[in-house]
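*Asks:* This is the structure I want to talk about, given as structure tokens.
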Amino acid sequence: MTKRNCFCGRLNRKDAGSKVIVAGWIKKRRDHGNLIFVDLGDRSGVVQLAFDPRVAKDTHSIAHSLREGWVIMAGGKVLLRPADSVNPKISTGEIEIQVEKVDVLNSSLPLPFSTDDEVELNEEVRLKYRYIDLRRPVMQRNMQLRYEVTKAVREFLDRQGFIEIETPFLTKSTPEGARDYLVPSRLNPGEFYALPQSPQLFKQIIMIAGFERYFQIVKCFRDEDLRADRQPEHTQIDIELSFIDEQDIFKLIEGMLKHVFEKTKGITIPTPFFSLSYEEAMERYGSDKPDTRFDMELKELSFLGKEGSFSSFQEIVKNGGCVKGITLPGPVNLSRRELDELKLWATNRGAPDLAWVIFAEKVKSPLAKFYDSSTLDKMAQASGAKKGDVLFMVAGSKDTVCKALGQLRIFLARKFNFIPEEKFNFVWIVDFPLFERNETGRLISVHHPFTSPCEENIPILETNPDEVTSRAYDIVLNGQEIGGGSIRIHKKELQEKIFKLLGMDEVRAREKFGFLLDALSLGAPPHGGIAMGLDRLVMILAGEKSIREVIPFPKTQKAVCLMTQAPSPVEEEQLRELHIEIRED
RNA sequence: GGGGCCGUAGUUCAGUUGGCUAGAAUGCCAGACUGUCGAUCUGGAGGUCGCGGGUUCGAGUCCCGUCGGCCCCGCCA
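Here's what the structure looks like:
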């Protein structure tokens, strides 16, 4: 017996009577003394092996010593199971293999945890023994799905005339943006490469090089704090095209996602997607990545600062602030304690305060005494609150109010299960401002410094930079930003002007981006593109809550790999070669 | 940088007001068992209660510190 000739999970009643050789891992052993059953699994699934001493005595005695996790090869005859022993829970449940010969290819210590999906496991132990974790069917499915997604993407983009081109991982550190991962240069003492935060400049250069349609499925590196949807290295589907505008990109990505959803989930998603301006998204959802699977939109209630006698609202509105609210559909019973907790939750997230109004038979609210019944009616009308609903309000600067209510909206929707989990709601977010201000009041790019301002705002770039709209766009799926991009600047002069507005003098612009400026002056075509977050997309498709579930070897919140223990100290000699000394701070 | 939750057999957890010789389930080991598939039955082994310090007659439990994991704010063009 030398080679397996079929996969465990593929066997069925049609194979009855044939002789097969299978190989895989022992998932379970049920030893009846004489009859021994072993569930053998490979990537395709599980099949039951039956060891009968009357069939093969030696083989049966080997079976007695087999254990979960051992790797074996087994040969025998596929038999239909007795009718009362059929297991409808598995695809191979109608048959079993009556084993005549078994080879132990490798034994195993008892596994740190079982590889069936039943038990909830601590992530710490899963990551330490990731190879065992990855044997679990759910993880096998997730990895398979991830592969199917990338396959569908390549298939689609290939048909659209794209070519995949690789860009360097050892590249140049750029100012602004995320913190770079740095790689010291042995041959150039004191100098460093940076791992790319994205292949942004290379893909623009590729356009200038005349490839017109580029894509790459590529790792990107950002040395920032981690979250459930953020890892220090993540994978982008990076795309760039020449001679196109926003609509071309939208159509392309809608087509690509349609293809991916059809190929991987058999779901037809409706296209084109809706789009929302950044401003409208903030106004209505309090987020630039709105989850549009449920309503609970933010409503404008600033008239409450003009009517009635609630001085806190009056003060805020008089000073240019606003009052907005969201309505929690009732009937809900919120205790005083829960309301206090929500208030604390909101104030911890930047809201100056959280006001609530319960529209019960009688209006219940600490604010009720400040308003007459007609204003309270108006409040109900403006917020859309009906009998039994609870209205939550925040007052303050527009930005603070929207962001706080946006987070509260998500929190409440989760708490009260208002989110239809089976839905896939896409939305384009457009008309972002080109700039925002940092703590010191300096202009910084909202997207990145290579994003084109919209044509009609170019004249006011220097005079009213805060009012300039960019040609950037994000694509949001179920409240997750799954991609973003822009039409780029393709004229040197405009690019130089942007650098200057960002506070970069000519010398520094030259030093950091000289190659780009040179390239832009040597026949750069109009171009633009997008980068899709593969991990997030697959996470949503897999119905998972964290991208770690779709990344084979993810890192912990402290950016540590629990399997390899990276990062780790290195030999003194390595440091010397790299001209690096460790500073004890 | 900050807020919250968590850490007890291999695993998942319980452990009350400080009284514990630290339990359960599962897994593991040995034996029994011819139709199981969460097999069953009998017996057994298995613990630095994350780590360090403190309070106390006595600490898994209280206090301080520290390490680690998760969620979030900041950060992430």
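The opening position of the first sequence corresponds to residue 19 in the working numbering, with each subsequent residue numbered one higher.
Cβ atoms here follow ideal geometry from the backbone N, Cα and C, with glycine treated the same way.
Small disclaimer: the values here were computed from a predicted structure and weren't measured.
1. At the level of alpha carbons, what is the spacing between L519 and G459?
2. Report, in whole angstroms, the separation of the C-beta atoms of V408 and V350, which I expect to be a contact under 8 Å.
3. With C-beta atoms as the reference, is G63 less than 7 Å away from S126?
4. Report all residues from its chain with a CB closer than 6 Å to the CB of S83; omit the five preceding and five following residues, and keep chain order.
5. Between which two residues does the beta strand (DSSP E) holding P202 run?
6. Using the rule of at least 16 other Cβ atoms within 10 Å of the residue's Cβ for burial, across every protein chain shown, is L426 buried or exposed?
7. Nearest to M300 by CA position, among P128, G497, K573, is which residue?
8. DSSP on V143, reduced to helix/strand/coil?
9. Could you tell me the alpha carbon to alpha carbon distance between C238 and I80, rounded to whole angstroms?
10. Could you say which of G502, F410, K46, L461 lies nearest to V445 if we only look at CA atoms?
11. For R47, which of helix, strand or coil comes out of DSSP?
12. Taking S216 as the reference, which of I226, P202, R240, G208 has the closest Cα?
13. How is M581 classed by DSSP in three states: helix, strand or coil?
14. Using DSSP with H/G/I as helix, E/B as strand and the rest coil, what is P207?
15. Which runs of the beta strand (DSSP E) fall wholly inside the region 485-545 and span at least 3 residues, in chain order?
16. Determine, using beta-carbon pairs with one atom in the region 159-168 and one in the region 554-563, whether at least three such pairs fall under 8 Å.
17. Given a cut-off of 7 Å on the beta-carbon distance, is the pair F69 and V137 in contact?
18. Starting from C420, follow the alpha helix (DSSP H) in both directions and report where the run begins and ends.
19. What is the DSSP secondary structure of Y303, counted as helix, strand or coil?
20. Assign S586 to buried or exposed, taking buried as 16 or more other Cβ atoms, counted over all protein chains shown, within 10 Å of its Cβ.
21. Could you tell me how far apart the beta carbons of V143 and P130 are, in whole angstroms, since I believe they sit closer than 8 Å?
22. Mind the definition here: the region 542-554 touches the region 257-271 only if three or more C-beta pairs lie below 8 Å; say whether that holds.
23. Nearest by alpha-carbon distance to S191: which of T185, I183, V201 is it?
24. Any idea what DSSP makes of S293, helix, strand or coil?
*Replies:* Considering the structure as presented:
1. Here residue 519 refers to the residue found at position 501 when the first sequence is read from its first residue. Here residue 459 refers to the residue found at position 441 when the first sequence is read from its first residue. Each residue's Cα considered, the two are about 12 Å apart.
2. Within the first sequence, the letter at position 390 stands for residue 408. Within the first sequence, the letter at position 332 stands for residue 350. Their Cβ separation, rounded to whole angstroms, is 6 Å, which keeps V408 and V350 in contact under 8 Å.
3. Here residue 63 refers to the residue found at position 45 when the first sequence is read from its first residue. Here residue 126 refers to the residue found at position 108 when the first sequence is read from its first residue. No, the Cβ-Cβ distance between G63 and S126 is not below 7 Å.
4. As a first step, residue 83 must be located in the first sequence, where it is residue number 65. Answer for S83: no residue qualifies.
5. The count along the first sequence starts at 1 and reaches residue 202 at position 184. Unbroken beta strand (DSSP E) run through P202: 200-202.
6. In the first sequence, the residue the question calls residue 426 occupies position 408. With 16 or more Cβ atoms within 10 Å of its Cβ, L426 is classed as buried.
7. Within the first sequence, numbered from 1, the residue matching residue 300 stands at position 282. The shortest Cα separation from M300 among P128, G497, K573 belongs to G497.
8. Counting from 1 along the first sequence, the entry for residue 143 is found at position 125. Residue state, collapsed to three classes: helix.
9. Taking the first residue of the first sequence as position 1, residue 238 is located at position 220. Taking the first residue of the first sequence as position 1, residue 80 is located at position 62. Rounded to whole angstroms, C238 to I80 spans 50 Å at the Cα level.
10. Start at 1 with the first residue of the first sequence, and residue 445 comes out as number 427. Among G502, F410, K46, L461, the Cα nearest to that of V445 is on G502.
11. Within the first sequence, residue 47 is the residue found at index 29, counting from 1. R47: strand per DSSP, three-state reduction.
12. Taking the first residue of the first sequence as position 1, residue 216 is located at position 198. That would be R240, whose Cα lies nearest to the Cα of S216.
13. Residue mapping note: residue 581 aligns to position 563 of the first sequence, counting from 1. M581: coil per DSSP, three-state reduction.
14. Here residue 207 corresponds to residue number 189 of the first sequence, with the count starting at 1. It is coil, neither helix nor strand.
15. 490-495, 498-505
16. yes
17. Translated into positions along the first sequence, residue 69 becomes position 51. Translated into positions along the first sequence, residue 137 becomes position 119. No, the pair does not count as a contact, with Cβ atoms beyond the cut-off.
18. Indexing the first sequence from 1 puts residue 420 at position 402. 416-433 is the span of the alpha helix (DSSP H), which, as asked, contains C420.
19. Position 285 of the first sequence, counted from the start, is the residue given in the question as residue 303. DSSP places Y303 in helix when its eight states are reduced to three.
20. For the purposes of this step, residue 586 is taken as residue 568 along the first sequence, with counting starting at 1. S586 is exposed by the Cβ-count criterion.
21. By 1-based counting over the first sequence, the position of residue 143 is 125. By 1-based counting over the first sequence, the position of residue 130 is 112. Going by Cβ atoms, the distance from V143 to P130 rounds to 6 Å, so yes, they are a contact pair.
22. yes
23. As a working mapping, residue 191 is identified with position 173 in the first sequence. S191 has its Cα closest to that of V201, out of T185, I183, V201.
24. As a working note, residue 293 is residue 275 in the first sequence. Of the three classes helix, strand and coil, the one that applies to S293 here is strand, per DSSP.
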